[in-house]
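J.:
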Amino acid sequence: MEIEVDSHKFHHYTHWNSKTTVLASHRDKTMFPSNQHLHFFFPFLLLSLCCINSPAHSAINTYILRSCNQLSNVSSGSQAAENIRRLVPELVSATKLNGYNVTTYGQNKDKIYGLAQCRGDISKRDCKNCIEHAAIRVGKECPNLSDVTIWYDFCFLRYNLDNFFNQVDTGFGIYKTGKKNVLIDPKSFDKGLGALIAQVKSEAVKPGNRGFGKGEVKLSPSATLYALVQCTRDMSPANCGKCLSAAVETFRPLCENRTGCLFIYSSCYTRYDLRPFFFPLDGDTAGAEEESPAAVLTATRLTMGPLRFLLSFPLLLLLVICSTRTAQAQSQGTPNNTFIFLACNPDSRVRSGSMAMENIRILVPQLVAKTLQNGYVATSYGQNKDKIYGLAQCRGDVSKKDCANCIKLAGKRIRSCSNKADTTIWYDYCFMRYNKVNFFNKVETGLGIYSYSNKTVSDPKTFNANLGTLLNQVGSQAFKPANHGFGKGKIKLPPSSTIYGLLQCTRDLSPANCRTCLTTASNSFREFCGNQTGCQFAYSSCYVRYDLQPFYFPLDPASTAGGASAARPMLTVVSASP
C-alpha cells in the first residue's frame, strides 16, 4: 500500500511492508523537522517510507525512507537545480572513497549543503552500492526539490538550501521494534541494555571514533545483546552526545522489552538487538571474513512488525512532540481543533482538467455545506468511472460552531490533494474522505492513527478491568441505531480517579459493521497503548478514545472546577497494515 500524507506542512509517500514507525516534529519552517510539529506537520512535505529488501549483495541494504519537501521546489533549469545536479555526484564520489562527505555547491541563495555517510561498520563495497542507490533514487523521485533526505540501513544522504551542518536535528525520527518481547527478566534486560548503550555512546563521542560506537554484552549464558550507535560526522562530540541522548530517551519507552529496536534521526542512529547485526558478525554466526549473503541476511535483516508512523501533534518540541489538548480552553470558546493527518494516495492521481478532477472540485464544497447543516453527509458526484464518493462527519459531542470551523478547515486543506481521487483527512473534531471507489458501509481498518499519553497507570490490573467495562458500556450505546454510531461515558476508578471514554463510527456503517470496526480499533490500541493513562485510535471508519482527563463535551464539572485544564502531552502514531 502506498499513500501520500500531508501533515501540517508535509506530504508523505509511504509503502508498508514491515513494522516501521516514523516519529516527527513539525517545524515552523516548511522544511523538515526541527522545532515545532509535524505528524502531519504543516503544509506539504513529501515522504516516502518503504521497507524492502534489495537483492542480496554481500549484505542486505534495506531502503528505509525518503523525504522530499514539496515546499522546497526549485525551477527546472535554475541555478539551484543545477547546483543540486552537480552536488549529488560529488557526494557519491567522495563517500565511496571515505565513507563520508560533507560539502556545498554554489553561492549565496542558491548554495546547496550536502552530506552523505555510510554506517561505520560496513565494507567499502556495501557503502558504494548503498550510496549509489540513494543518489539514483533521490534523482528520480525528488526532482527539482532542494530539501531532500534519504535513509537506507547502510547509508544516508541529505541536501538542503539551509545549512544544517553540526546542527542536532531530532525533529523527525524513524523507529522499528522487534515483534517479540524478551523472554529473560525485563529488569535484567533493561539494566544490561542501559549499560551497553552507555558504553557504545561513550565510545561514539570520542573524537577519534567519528561518532561511531558498537558493542555487545552477555545477558545470560545463552543471550547476548548487541548495540550500535552513530552520529553524522559533521556533529561535534557534544552535539553527537545530545542527539544520541535524545534518541535513547525516545526509543526506550517505545521499544520497552522488545528483542530489538532501531531508532534513526537525521543526525544520529541507535540500534540494539539480541541477534548480531553489525560487522564483523559474531564469530558464532559468521564464518568467513566476507560473509555469505545468507549469513548476512539472517544476521542483519530487520525482523520487525508492520509499518507504522509515529508523530506528535501541534506545538511540538524538538524531540517527540507533545501536543497539549486543553479541554477547558475548548469549552471557553477557544476550541483546540487539532489537525491530525492528511493521506493522499499517489496511485489515485487524476489528470488536471479531467472530469474526475472536476467532480472532486464540485464534491468537496457540497460535503462541507451539508455537514454544516447535519454534522454528517455521505454523497457522490459524477457518473460511471469518474464518479466520486464522499463522506464528511463531525465528532458526535462537538458544538455546531466547532463542527463548522473544523469541516471548513478540512475542506480547505484537502484541496492540496485535488489531483488525487483517494484522499482522507482527520482532525480531532471532524473527518472527511473521498474516493473513486465506493467505500460506503465498508469497514476500513488499513490505516490507523493512535495517540497515547506516554504515562502509565499505577495499578494496571484495576485500570484495565474498569476500562474494559467502560468500553463495553459506551460500545453498547454506539451500536444502537438511534445513536448513529456514537457513545460516550465515564466510570469511577478507585480510589479517586475517573476514566472517560468515547467511541464513534462513521454514520454510513451498519450497527454490525460499526461493531466490527470498533472491536478492531479496541484490540489494536490495547496492543500499543497498554496501561497508558490515555489513548485514542482512529481508523477511516471509526474512532476510540479513553482518558483519565475529561475530553468530550459537555465537560465533567468536577474535573475542571477552578480552571483546571485537561491538558496532557500525547504521542501520535500512524499504523498501516500491508
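For the record, in the sequence shown the residue sitting at position 479 is 478 according to numbering that gives the first Met the number 0, with numbers rising by one throughout. Positions of the beta carbon are idealized from the N, C-alpha and C atoms, including for glycine.
Identify whether F462 lies in helix, strand or coil by the three-state DSSP scheme.
T.: helix
J.: Near I83, which residues of its chain fall below 6 Å by C-beta distance, leaving aside the five closest residues on each side in sequence?
T.: I111
J.: Counting pairs of Cβ atoms below 8 Å between the segment 391-398 and the segment 446-460, do you hit three or more?
T.: The segment 391-398 is not in contact with the segment 446-460.
J.: Using 8 Å for Cβ pairs, my map puts K489 next to T497. What's the rounded Cβ distance?
T.: Confirmed, Cβ separation roughly 5 Å.
J.: So, for Y542: in the same chain, excluding its five sequence neighbours on each side, which residues have a beta-carbon less than 6 Å away from its beta-carbon?
T.: Q503
J.: State the start and end residues of the unbroken beta strand (DSSP E) segment that holds S66.
T.: Y62 to C67
J.: Between the C-alpha atoms of N512 and S523, what's the straight-line distance to the nearest angstrom?
T.: 17 Å
J.: Give me, in chain order, the residues of the same chain whose beta-carbon lies closer than 6 Å to that of G259; leave out the 5 immediate sequence neighbours on both sides.
T.: Annotation for G259: G177 and D272 place their beta carbon closer than 6 Å to its own, counting only its chain and skipping 5 residues before and after.
J.: Would you mind reading off the limits of the beta strand (DSSP E) that contains F430?
T.: C429 to N434
J.: Assign Q392 to one of three DSSP states: helix, strand, or coil.
T.: strand
J.: With contact counted as at least three CB pairs below 8 Å, one residue from each stretch, are the segment 176-195 and the segment 152-160 in contact?
T.: no
J.: Would you tell me roughly how many angstroms separate the C-alpha atoms of K411 and L86, rounded to the nearest one?
T.: Distance from the CA of K411 to the CA of L86, rounded to the nearest whole angstrom, comes to 37 Å.
J.: Excluding the five sequence neighbours on either side, which residues of its own chain have a C-beta within less than 6 Å of the C-beta of T94, listed in chain order?
T.: N100, A115 and I130
J.: So which of S452, T532, V147 and G381 has the shortest CA-CA distance to S265?
T.: Taking only the C-alpha atoms, the option nearest S265 is V147.
J.: From the DSSP output, read off the bridge partner residues of K175.
T.: L261
J.: Are the segment 127-142 and the segment 170-184 in contact at 8 Å, needing three or more beta carbon pairs?
T.: no
J.: Could you tell me the distance, in whole angstroms, from the CA atom of D385 to the CA atom of Y104?
T.: 47 Å
J.: Would you call the segment 220-238 and the segment 162-176 touching, i.e. three or more CB-CB distances under 8 Å?
T.: yes
J.: Just to confirm, are L362 and Y380 a CB contact at a threshold of 7 Å?
T.: yes
J.: With a threshold of 6 Å on Cβ separation, who are the neighbours of K179 within its own chain once the five nearest residues in sequence on each side are excluded?
T.: T258
J.: Using the C-alpha atoms, what's the distance from S495 back to V442?
T.: 38 Å
J.: Could you tell me which whole alpha helix (DSSP H) segments of length 4 or greater appear in the segment 185-210?
T.: 185-203
J.: Looking at V204 and T269, is the spacing between their C-beta atoms short of 7 Å?
T.: no
J.: Please report the residue range of the beta strand (DSSP E) in which I498 lies.
T.: S496 to C504
J.: How would you call A355, buried or exposed, if buried means at least 16 neighbouring beta carbons within 10 angstroms?
T.: buried
J.: Per DSSP, what are the beta-bridge partners of S219 in this structure?
T.: For S219, which the question treats as bridged, DSSP gives the partners A222.
J.: Please state whether DSSP places K123 in a helix, a strand or coil.
T.: helix
J.: Mapping DSSP to helix, strand and coil, what is A420?
T.: The answer is coil: DSSP assigns A420 none of H, G, I, E or B.
J.: State whether the segment 69-80 contacts the segment 116-129, with contact taken as three or more CB pairs (one from each stretch) at a distance under 8 Å.
T.: no
J.: Expressed to the nearest angstrom, what Euclidean distance is found between the alpha-carbon atoms of G172 and A481?
T.: 44 Å
J.: Go to S347, then tell me how far its alpha helix (DSSP H) extends in each direction, as first and last residue.
T.: Where S347 is concerned, there is no enclosing alpha helix (DSSP H), given that its DSSP letter is neither H nor E.
J.: Within 10 angstroms of its Cβ, does K479 collect 16 or more other Cβ (buried), or is it exposed?
T.: K479 is exposed by the Cβ-count criterion.
J.: Taking the alpha carbon of K368 as the reference point, which residue from T337, T422, Q382 and M431 has its own alpha carbon closest?
T.: In the sequence as presented, Lys is not what sits at residue 368; that position holds Ala. The shortest C-alpha to C-alpha distance from A368 to any of T337, T422, Q382 and M431 is the one to M431.
J.: What does the alpha-carbon distance come out to for the pair D161 and R136?
T.: 21 Å
J.: Where does P88 land, buried or exposed, given buried means 16+ other C-beta within 10 angstroms?
T.: Burial call: exposed.
J.: Can you give the Cα-Cα distance for S219 and G533, rounded to whole angstroms?
T.: 36 Å
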